[in-house]
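Visitor: Taking this note's numbering, I'd label the letters of the sequence shown as residues 25 to 357. Beta carbons: idealized from backbone N, C-alpha and C, even for Gly. Structure incoming, see below.
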Amino acid sequence: MPPETTALTAVLLMAAVFAYTNGFHDAANSIATSISTRSLRPRAAVIMAASMNMVGAFLGEGVARTIGQSIIAPPSGTEGLSVLLAALIGAIAWNIATWYKGMPSSSSHALVGGMIGAALASATTVDWEGVSADFVLPMVLSPLIGGVVGYLAMLAILWAFRSASPRRVGRKFKIAQSVSASAMALGNGLQDAQKTMGVVVLALVTTGYQTEYDVPLWAVCLAAVAMSLGTLTGGWRIMRTLGRRVIQLDPPKGFAAESTVALVTYATSFIWQVPISSTHTITSAIVGVGATQRLSAVRWGVAGNIVAVWILTLPGAAVIAAAAYALTRIAGF
C-alpha cells in the first residue's frame, strides 16, 4: 500500500475514533437534564440521543465546510495528513482525559485546538482571520447567549405558570422535556458530526482525492455511525456533573435549558454555519435557568471548575497535538 494511502487510512480511522469519543463525551449534553429530572429513563434517553444524533448528522454540511476551509491549510500529501493525524490525537486525548475526570469540555474546541497546535508545530498556515470570525467569536458568544436565553425562558415559564400547581406543572413538563431533549440531541448531531466530516474532507482535499469541500455521503455515514455508537456507551461521569452538581434541576428548568440549546444550535448550524460547543451552551443555559431561582442555587464552585476546563481545552489539546506531531516525525510517519 502506498505511504499516502496508508496515511489517509490512518487519518480516516482516527477521525472515526474522534467521532466516537465525541459521542460518549457529549452524550451528557443531550440527556443529563432529562435523566436527572426523571423525565426519561437512562436507557430510553441514551437510545433516543443516539438516534437523533444520527439523524442530525444528515441535515447539513455548512459547519463541515467551515472546519475544512477556515482553520488551517495543511500542505499536500503525507505531510498534511501527519498534521491532521496529530490534530485528531490531541482532540481525542483531551476528550478522554476530561471524560475520566467527569468534567464537561468541548470536543469542538479540542478539535480546533488540536488543529492549531499541530499546524504551529509543523509550520502549517493557520487562517487566524477565519479562526477569529468562525471559531473564537462563536465560542465566546454562544455560552453568553445560552445563559441569557435560558434565564429569560425560565422567567417566561415561571410567569406563565405562576398560578398553577407545581406538581401538575412538573408532570406536564416531564412530557415536554422528552421533546426538548430530542430537539437538543438532533442539534447536537447536526453540529458535532459535521466537525468530523470537516476533517475527513480536508484530508481528501489535501491528498487530491477531491478538489471541492463537498462532503461525500460515506463521510456523513462514517461520522453519524461512529458518533451514535459513542453516544450509546453513555458518558455517565459527565452526566452527573451537568445534571446534579451545577444546580438541582426539575422538569421546567430542564425544558428551558434544553430548548435554549436547541434554538442556539439550529441558528448557528443553518444560518451562520459556524461551529459552537453544545457543552458550553447547555452548561451556561443550566446556570442561567438556575439563577432565576436565586444566585445561591447555582453551585458556583463547580461552575468555576467547568469554566477553568473550558479555558484550558484549546491550549491543552494544542500542546498534545504538537507533541503528537513531533512523535510522528520521529517515527517517520
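1. With 16 as the cutoff for other CB atoms within 10 Å, does Glu85 come out buried or exposed?
2. Beta-carbon within less than 6 Å of Val173's beta-carbon, same chain only, minus the 5 sequence neighbours each way: which residues are those?
3. Check for me: the alpha helix (DSSP H) holding Glu282 runs from which residue to which?
4. If you drop the 5 nearest sequence neighbours on each side, which residues of the same chain put their C-beta closer than 7 Å to that of Ala342?
5. What is the DSSP secondary structure of Arg269, reduced to helix, strand or coil?
6. With a 10 Å radius around its C-beta and 16 neighbouring C-beta atoms as the bar for buried, classify Pro276 as buried or exposed.
7. Using beta-carbon positions only, say whether Ala314 and Leu226 come within less than 8 Å of one another.
8. Could you name the residues that DSSP lists as bridge partners for Thr149?
9. Taking the straight line between their C-alpha atoms, what separation do you get for Val70 and Asn77?
10. Going by CA-CA distance only, name the one from Thr220, Leu351, Arg195 that's closest to Thr90.
11. How close, in whole Å, do the beta carbons of Leu278 and Ser63 come, if the pair is a contact with beta carbons under 8 Å?
12. I need the DSSP call for Ile354, collapsed to helix, strand or coil.
13. Could you tell me whether the Cβ atoms of Ser100 and Thr230 are closer together than 8 Å?
14. First and last residue of the alpha helix (DSSP H) that includes Thr235?
15. Rounded C-beta distance between Ser302 and Ser202? I'm assuming under 8 Å.
16. With Tyr290 and Ala145 assumed to form a contact (beta carbons below 8 Å), what rounded beta-carbon distance in angstroms separates them?
17. If you follow the alpha helix (DSSP H) that Ser106 is in, where does it begin and where does it stop?
18. Give a yes or no on whether the C-beta atoms belonging to Ser132 and Asp216 are separated by under 8 Å.
19. If you reduce the DSSP assignment to three classes, tell me which class Gln218 lands in.
20. If Gly80 sits next to Gly170, beta carbons under 8 Å apart, how far is it from one beta carbon to the other, in whole angstroms?
21. Out of Asp50, Ile55, Met72, state which residue places its alpha-carbon closest to the alpha-carbon of Ile120.
22. Using the Cα positions of Leu338 and Ala134, report the straight-line distance between them to the nearest angstrom.
23. In the DSSP assignment, the alpha helix (DSSP H) including Ile295 goes from what residue to what residue?
24. Restricting to Cα atoms, I'd like to know which of Thr148, Leu287, Leu336 is closest to Met208.
Guide: Per the coordinate set shown:
1. For the purposes of this step, residue 85 is taken as the residue at position 61 of the sequence shown. It counts as buried.
2. Numbered from 1 along the sequence shown, position 149 holds the residue referred to as residue 173. Result list for Val173: Thr284, in chain order.
3. Within the sequence shown, the letter at position 258 stands for residue 282. Start and end: 275-290.
4. Here the question's residue 342 lines up with position 318 in the sequence shown. Same-chain partners within the cutoff: Gly114, Gly137, Gly138, Ile140, Gly141.
5. Position 245 of the sequence shown, counted from the first residue, corresponds to residue 269. Bear in mind that a pLDDT of 48 at Arg269, under 50, signals an unreliable position, so the number given afterwards is only what the model happens to contain. Here Arg269 sits in helix by DSSP.
6. If you number the sequence shown from 1, residue 276 lands on position 252. Label assigned to Pro276: buried.
7. Here the question's residue 314 lines up with position 290 in the sequence shown. Here the question's residue 226 lines up with position 202 in the sequence shown. The amino acid at residue 314 is misidentified as Ala; the sequence shows Gly. Result no, Cβ atoms of Gly314 and Leu226 do not sit closer than 8 Å.
8. By 1-based counting over the sequence shown, the position of residue 149 is 125. Paired residue(s): Ala97.
9. Counting from 1 along the sequence shown, the entry for residue 70 is found at position 46. Counting from 1 along the sequence shown, the entry for residue 77 is found at position 53. Near 10 Å, if we compare the C-alpha coordinates of Asn77 and Val70.
10. What you label residue 90 is simply residue 66 of the sequence shown in a count that begins at 1. That would be Thr220, whose Cα lies nearest to the Cα of Thr90.
11. Within the sequence shown, the letter at position 254 stands for residue 278. Within the sequence shown, the letter at position 39 stands for residue 63. A small fix is needed here, since residue 278 is Gly in this sequence, not Leu. Their Cβ separation, rounded to whole angstroms, is 7 Å, which keeps Gly278 and Ser63 in contact under 8 Å.
12. Reading the sequence shown from its first residue, position 330 is the one you call residue 354. If DSSP states are grouped into helix, strand and coil, Ile354 belongs with the helices.
13. Looking up residue 100 in the sequence shown gives position 76. Looking up residue 230 in the sequence shown gives position 206. Yes.
14. Walking along the sequence shown from the start, residue 235 turns up at place 211. It is not in any alpha helix (DSSP H) - Thr235 carries neither H nor E in the DSSP assignment.
15. The residue given as residue 302 occupies position 278 in the sequence shown. The residue given as residue 202 occupies position 178 in the sequence shown. So it is not a contact: roughly 18 Å between Cβ atoms.
16. Taking the first residue of the sequence shown as position 1, residue 290 is located at position 266. Taking the first residue of the sequence shown as position 1, residue 145 is located at position 121. At roughly 36 Å, the Cβ-Cβ gap does not stay under 8 Å, so Tyr290 and Ala145 are not in contact.
17. Position 82 of the sequence shown, counted from the start, is the residue given in the question as residue 106. That run of the alpha helix (DSSP H) goes 102-125.
18. By 1-based counting over the sequence shown, the position of residue 132 is 108. By 1-based counting over the sequence shown, the position of residue 216 is 192. It is a contact, given that the beta carbons lie within the stated cut-off.
19. As a position in the sequence shown, residue 218 is number 194, starting the count at 1. Gln218 falls in the helix class under three-state DSSP.
20. Residue mapping note: residue 80 aligns to position 56 of the sequence shown, counting from 1. Residue mapping note: residue 170 aligns to position 146 of the sequence shown, counting from 1. With a Cβ gap of about 18 Å, Gly80 and Gly170 do not count as contacting.
21. Position 96 of the sequence shown, counting from 1, holds the residue named residue 120. With distances taken between Cα atoms, Ile120 lies closest to Asp50.
22. Here residue 338 refers to the residue found at position 314 when the sequence shown is read from its first residue. Here residue 134 refers to the residue found at position 110 when the sequence shown is read from its first residue. Their backbone Cα atoms lie some 6 Å apart in a straight line.
23. Residue numbering aside, residue 295 sits at position 271 when the sequence shown is read from its first letter. Ile295 -> no alpha helix (DSSP H), and no H or E assigned at all.
24. Translated into positions along the sequence shown, residue 208 becomes position 184. When only C-alpha atoms are compared, the closest one is Leu287.
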